[in-house]
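S.K.: With this note's numbering applied, the sequence shown corresponds to residues 3 to 80, in that order. Ideal Cβ placement from N, Cα and C applies to all residues, glycine included.
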Amino acid sequence: MLISVGVILVGLAIAIREIPYLKKNRLKKEAAVFWILLIAGTGLGVALGMKLPLPNPLDWIIMLYKPISDALHPWLAD
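Structure below.
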């Protein structure tokens with residue numbers, strides 16, 4: 003739980019530091035991307051801090067290409 007609070011505090015500190023610059027220079031699109039990435043990263047950090055199981059993107063890639071690999075393996079194997 004303490005790790006999650008730390009992650010949230012770090013995310014808040016990053017936002018406090020970056021948002022004035024984005025507002026001053028009227029960078030609306032960059033601010034939108036900043037918020038999306040900050041919220042996603044903070045959310046994942048909190049989930050890791052709470053030891054929740056998170057999906058691994060590599061598992062999705064393996065699941066996608068496994069049938070193709072299985073189909074080609076007989077032709078390519080010795």
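1) Can Leu40 and Ala17 be called in contact, C-beta distance under 8 Å?
2) Who are the near neighbours of Met65 in its chain, counting only those whose CB is closer than 7 Å to its CB and skipping five residues on each side?
3) Less than 8 Å between the C-beta atoms of Val9 and Val48, yes or no?
4) Give every residue of the same chain whose Cβ lies closer than 6 Å to the Cβ of Ala33, excluding the five residues on either side of it in the sequence, and list them in chain order.
5) Go to Lys25, then tell me how far its alpha helix (DSSP H) extends in each direction, as first and last residue.
M.R.: Well, looking at it:
1) Yes; because the gap between Cβ atoms is below 8 Å, this pair is in contact.
2) Excluding sequence neighbours, Met65 sits near nothing in its chain.
3) One thing to note: Val9 has its Cβ within 8 Å of the Cβ of Val48.
4) Result list for Ala33: Leu24, in chain order.
5) Lys25 -> alpha helix (DSSP H) spans 4-26.
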